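Numbering (the numbering used here), first residue to last: 223 to 370.
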């Protein structure tokens with residue numbers, strides 16, 4: 223067991239849970255004609271991100287750790303806060319791209335830490351989740367091109 227792997231699993235878990243909350247708020251707000259396609263994509267991503275958190279939580283349990291609960295983390299996704307102007311779809315898109323970029327960095331670090339710890343299962347999970355986050359980012363980069 224590696225302390226770095228545990229710390230990164232916990233960070234990734236917290237980030238995924240915060241992302242679910244923020245994607246939900248933004249998907250509700252963007253249920254307008256202009257933001258409908260982005261809102262629908264966020265709704266699909268909510269399910270995936272929640273699944274990621276669950277997988278990370280089970281990996282923590284394997285290490286006899288518990289997934290962090292709401293009182294154990296400080297929110298950090300400022301760029302994903304819903305905009306004042308509910309027609310500001312571009313700011314939501316940019317917030318998602320930022321959050322996905324952060325997730326990519328976390329999973330890249332987890333892949334490396336797990337490999338160094340000879341933790342092949344966590345490494346495999348991190349690679350899988352990394353691929354998902356890269357796909358989410360690519361999707362929202364394409365949305366951004368449409369809105370600029």
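Yeah, the Cβ is synthetic: ideal placement off N, Cα and C, and Gly gets one too.
Everything numeric in this text was worked out from a predicted model, so none of it was measured.
According to DSSP, is residue 286 part of a helix, a strand, or is it coil? To locate residue 286, count along the chain shown from 1; it is residue 64. Residue 286 falls in the coil class under three-state DSSP.
Would residue 264 and residue 318 qualify as a contact pair, given that the criterion is a beta-carbon distance under 9 Å? Locating residue 264 in the chain shown gives position 42, where the first residue counts as 1. Locating residue 318 in the chain shown gives position 96, where the first residue counts as 1. Yes. Within cutoff.
With a threshold of 7 Å on Cβ separation, who are the neighbours of residue 276 within its own chain once the five nearest residues in sequence on each side are excluded? Position 54 of the chain shown, counted from the start, is the residue given in the question as residue 276. There are no such residues.
Residue 344 - containing alpha helix (DSSP H), residue span: By 1-based counting over the chain shown, the position of residue 344 is 122. Unbroken alpha helix (DSSP H) run through residue 344: 342–369.
Classify residue 256 as buried or exposed, calling it buried when 16 or more other Cβ atoms lie within 10 Å of its own Cβ. Taking the first residue of the chain shown as 1, we reach residue 256 at position 34. Exposed: under 16 other Cβ atoms inside 10 Å.
Contact between the segment 231–244 and the segment 285–303 (3+ Cβ pairs under 8 Å): Touching, yes.
Do residue 281 and residue 347 have their beta-carbon atoms positioned less than 9 Å apart in this structure? Walking along the chain shown from the start, residue 347 turns up at place 125. Walking along the chain shown from the start, residue 281 turns up at place 59. Yes, the Cβ-Cβ distance between residue 347 and residue 281 is below 9 Å.
For the pair the segment 307–315 and the segment 345–361, tell me if three or more CB-CB distances fall below 8 Å. no
Using the three-state DSSP reduction, which class does residue 239 fall into: helix, strand or coil? One-based indexing of the chain shown puts residue 239 at position 17. Reduced to three states, the DSSP call for residue 239 is helix.
Would you verify that the beta carbon of residue 320 is, or is not, closer than 9 Å to some beta carbon of chain B? The structure shown has no chain B; it contains just one protein chain.
Where the alpha helix (DSSP H) through residue 324 begins and ends: Within the chain shown, numbered from 1, the residue matching residue 324 stands at position 102. Unbroken alpha helix (DSSP H) run through residue 324: 311–338.
Measure the Cβ-Cβ separation of residue 345 and residue 332 and say whether it is below 9 Å. Numbered from 1 along the chain shown, position 123 holds the residue referred to as residue 345. Numbered from 1 along the chain shown, position 110 holds the residue referred to as residue 332. Cβ distance < 9 Å, so residue 345 and residue 332 count as in contact.
Nearest residue (CA-CA) to residue 299, options 337, 227, 325: On the chain shown, position 77 is the one that residue 299 refers to. Answer by Cα proximity: 325.
Mind reading off the beta-carbon distance from residue 315 to residue 242? Whole number of angstroms is fine, and I expect it under 8 Å. Translated into the one-based positions of the chain shown, residue 315 becomes position 93. Translated into the one-based positions of the chain shown, residue 242 becomes position 20. About 18 Å separates the two Cβ atoms, so there is no contact after all.
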